[in-house]
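Chains as they are written, first to last, in our numbering: chain W, 1 to 300; chain R, 1001 to 1504. Think of the CB as a built atom: it goes at the ideal place given N, C-alpha and C, for glycine as much as any other residue. What follows is a short report on a single structure.
Structural data, given as structure tokens:
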């Protein structure tokens, strides 16, 4: 196995002040989104969602049903951005979303812990892509990161990126295990430099998953990289975003921190499962003024 | 003339962030959940009373220039009546009352402020021009906190300074400014009442409404008549109160000019005095600071409440090595400040409080330009009516500039540079004022080293404009004397004697 080029010398990042970061995130969470802006926001959030199922009990039937919902969440509404599944269900999902705009994302690299050999990770990634996944959600080696072996983390992302070929690579930092904001900032930098197309907060298996301060920090990281190099890297907030209200707060944060480039599914995603139904319910309410019963919406 | 840069002129090849084309927020107006009366009288001896002067004046919404209500102009006879009522209440009711009983009233006032918080927030925003987000999230909750905190002290005053015997000062004349009308009333009233004093309060001419609704709350709390009296009016009312022989102490928050005048007036009178005056705070950013968060701190430091803050961080001292990067980040951030209708829940910066203050800000910005500093202003659009000023920053400012020496009291930041910590200290302290300072660095030892050397009453580290009732606030030098908040703040409202029974 060939090692990639030597890791760039600079994984140095600016320090982060947690209190002030949280204050700013809390401030942005108070934005009040009304009327037409609300409808636009809800539709945008829907189009940015990676409808996800990552459970041991997942089956072909479950994934197929979810894919149908992803293509048409409710009559007259746009498709979600992608479905996100385990590697062995990629071909099922690819089949189910054929001829639609919905992409198939697969978690890979020994998701969620990443505790397996590099060649296995590369092989798994290659198979996902071979089966038709156009997006790969990998996990970083948090053990290596927390023991200061940043070069190893970087190298591994480079190799997986190579195995992805044309498929988009989302790099999951698992911010809940990185524990500090400084670590999140550094992990973001490493992933961006190693070629990530997206940086993603969480697997959804560790709490806390996505939080507004953490995502604000990641947005600042991709913003700085764009201003430095012109390359646009996306951000995916995964886990913990269960309501339309929270999703709108995230959108306001993007809108006022990094702006229009990221206000699209090309560069921002929500990784969620229950979020979609709340978006549908809120959209329906905007139309007829009343909340409908949860049973009115597909649970797939 | 100074150089002006309102828009960026970078060539197209530089990557640029874009804003505002994909998602524009609809208006999110707060419904004004308050009944404003046509006319407000004085609050004397527990009742709203028509002024003996028979005069009223308009109070105006600075965001629309429309009159909101008529406010009574208190004359000498009204001030006399207020002081007499306060004296009677102090000697016969409030002074003799047990601390525990006083605490119940003060606590009740705090609860009622919370219950009527929506009303007070709307009123504060309509009368003063500050964004509803700030009056809702900062002014009103802090006002309630001030009463809660001091309710706790009322029956424990003898424990505050062990070995001392404490007693109230008597009748206090309190004069408060227009930038935080309700909050400053709370800062003044809560400790005075907890310590057993009675009060004649004079709100600022342009912002009397929340104090008058607070008077309704005092009635609702069954506060005994005369304990708090509110005399509204212009500077003449304040002067009458200061000169009145029946008061024991003056507590003033406002401009340094007026503060000095009060001190001159009181000289030799035997009356006690505390002053909380202007400021020209240094906000110091070291190269190792968390710069993205420091930007937020600097923005809060100077644009919070339209810069109408005595402790505003109006002089930014940036280490030369990060100056360009930091200024660029600030400029980008300034563009994102949402300026407009103060009652819109998404507004970050509201209206300038008055026509006079707007004229003062405009004058000082013209001075800055003529002094040769480079002007940077947000390109935001401003409403057609009302008093507005764009978020503004001057770079290339030096200590000899008037804009670095004089308090502007508006959304205008001056940027200076330094090379070493020693130079930062020297420049930060090179001012007649000394109310507050801010330090941004990731290095703990430097925080302590710097804080020790700042000649300022409050030093914030990696944050700015944080207030707490338990933390004393007040100035050095021309920023005044006396403290508000915390145990130290009690000293402004009580006499401490050595207690022979507890002295060894």
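Exposure of residue i, with buried meaning 16 or more beta-carbon neighbours within 10 Å
{"i": "residue 1314 of chain R", "result": "buried"}
{"i": "residue 117 of chain W", "result": "exposed"}
{"i": "residue 1220 of chain R", "result": "exposed"}
{"i": "residue 296 of chain W", "result": "exposed"}
{"i": "residue 1145 of chain R", "result": "buried"}
{"i": "residue 1273 of chain R", "result": "buried"}
{"i": "residue 1232 of chain R", "result": "buried"}
{"i": "residue 1189 of chain R", "result": "buried"}
{"i": "residue 1051 of chain R", "result": "buried"}
{"i": "residue 286 of chain W", "result": "exposed"}
{"i": "residue 1024 of chain R", "result": "exposed"}
{"i": "residue 291 of chain W", "result": "exposed"}
{"i": "residue 1445 of chain R", "result": "exposed"}
C-beta neighbour in chain R for residue i, strict 8 Å
{"i": "residue 218 of chain W", "result": "no"}
{"i": "residue 10 of chain W", "result": "no"}
{"i": "residue 312 of chain W", "result": "Outside the shown range of chain W (1 to 300) lies residue 312 of chain W, about which nothing can therefore be said."}
{"i": "residue 36 of chain W", "result": "yes"}
{"i": "residue 20 of chain W", "result": "yes"}
{"i": "residue 251 of chain W", "result": "yes"}
{"i": "residue 183 of chain W", "result": "no"}
{"i": "residue 48 of chain W", "result": "no"}
{"i": "residue 258 of chain W", "result": "yes"}
{"i": "residue 180 of chain W", "result": "no"}
{"i": "residue 234 of chain W", "result": "no"}
{"i": "residue 168 of chain W", "result": "no"}
{"i": "residue 223 of chain W", "result": "yes"}
Within chain W, the residues that residue i reaches when beta carbons sit closer than 7 Å
{"i": "residue 1460 of chain R", "result": "Neighbours of residue 1460 of chain R on chain W: none; closest Cβ ~11 Å, over 7 Å."}
{"i": "residue 1463 of chain R", "result": "19, 20"}
{"i": "residue 1081 of chain R", "result": "Result: empty, since nearest Cβ-Cβ is about 44 Å, beyond 7 Å."}
Own chain partners of residue i with C-beta closer than 8 Å, once the 5 adjacent residues on each side are dropped
{"i": "residue 1132 of chain R", "result": "1030, 1121, 1122, 1125, 1342, 1343, 1344, 1345, 1347"}
{"i": "residue 1510 of chain R", "result": "Look at the range of chain R in this structure, 1001 to 1504, and you will see that residue 1510 of chain R is not part of it."}
{"i": "residue 1364 of chain R", "result": "1402, 1403, 1406, 1408, 1410, 1412"}
{"i": "residue 1296 of chain R", "result": "1333"}
{"i": "residue 1100 of chain R", "result": "1154, 1155"}
{"i": "residue 276 of chain W", "result": "46, 49, 51, 69, 73, 80"}
{"i": "residue 243 of chain W", "result": "275, 278"}
7 Å Cβ cut-off: residues of chain R touching residue i
{"i": "residue 33 of chain W", "result": "1025"}
{"i": "residue 30 of chain W", "result": "1133"}
{"i": "residue 255 of chain W", "result": "1023"}
{"i": "residue 263 of chain W", "result": "1022, 1023"}
Residue-chain proximity (residue i, chain W), Cβ-Cβ < 8 Å
{"i": "residue 1260 of chain R", "result": "no"}
{"i": "residue 1290 of chain R", "result": "yes"}
{"i": "residue 1347 of chain R", "result": "no"}
{"i": "residue 1152 of chain R", "result": "no"}
{"i": "residue 1297 of chain R", "result": "yes"}
{"i": "residue 1007 of chain R", "result": "In this prediction, residue 1007 of chain R scores a pLDDT of 45, lower than 50, which makes its location untrustworthy; the coordinate-derived value is nonetheless stated afterwards. No, residue 1007 of chain R does not count as interfacial toward chain W."}
{"i": "residue 1219 of chain R", "result": "no"}
{"i": "residue 1504 of chain R", "result": "Residue placement at residue 1504 of chain R is flagged as unreliable, the pLDDT there being 47, under the threshold of 50; a coordinate-derived value is accordingly withheld."}
{"i": "residue 1442 of chain R", "result": "yes"}
{"i": "residue 1336 of chain R", "result": "yes"}
Proximal residues of chain R, C-beta to C-beta of residue i below 8 Å
{"i": "residue 41 of chain W", "result": "1023"}
{"i": "residue 226 of chain W", "result": "1015, 1017"}
{"i": "residue 230 of chain W", "result": "1015"}
{"i": "residue 294 of chain W", "result": "Correct list: empty, because the minimum Cβ distance to chain R is about 27 Å."}
{"i": "residue 14 of chain W", "result": "1290, 1291, 1292"}
{"i": "residue 24 of chain W", "result": "1293, 1296"}
Whole-number beta carbon distance between residue j and residue i, since they are thought to touch under 8 Å
{"i": "residue 222 of chain W", "j": "residue 254 of chain W", "result": "Actually they do not touch by this definition, with Cβ atoms about 10 Å apart."}
{"i": "residue 948 of chain R", "j": "residue 1214 of chain R", "result": "Nothing about residue 948 of chain R can be read from this structure; chain R reaches only from 1001 to 1504."}
{"i": "residue 1283 of chain R", "j": "residue 1464 of chain R", "result": "7 Å"}
{"i": "residue 169 of chain W", "j": "residue 138 of chain W", "result": "7 Å"}
{"i": "residue 1303 of chain R", "j": "residue 1352 of chain R", "result": "With a Cβ gap of about 12 Å, residue 1303 of chain R and residue 1352 of chain R do not count as contacting."}
{"i": "residue 108 of chain W", "j": "residue 136 of chain W", "result": "5 Å"}
{"i": "residue 1053 of chain R", "j": "residue 1078 of chain R", "result": "6 Å"}
{"i": "residue 201 of chain W", "j": "residue 209 of chain W", "result": "6 Å"}
Interface partners of residue i on chain W, CB under 8 Å
{"i": "residue 1264 of chain R", "result": "Within 8 Å Cβ-Cβ: nothing; residue 1264 of chain R doesn't reach chain W, min ~42 Å."}
Own chain partners of residue i with C-beta closer than 7 Å, once the 5 adjacent residues on each side are dropped
{"i": "residue 182 of chain W", "result": "15, 16"}
{"i": "residue 206 of chain W", "result": "174, 176, 177"}
Same chain only: Cβ atoms within 6 Å of residue i, ignoring 5 sequence neighbours per side
{"i": "residue 25 of chain W", "result": "212, 213, 216"}
{"i": "residue 194 of chain W", "result": "154, 157, 158"}
Proximal residues of chain W, C-beta to C-beta of residue i below 9 Å
{"i": "residue 1455 of chain R", "result": "Those do not exist, as residue 1455 of chain R stays about 25 Å from chain W at its closest Cβ, beyond 9 Å."}
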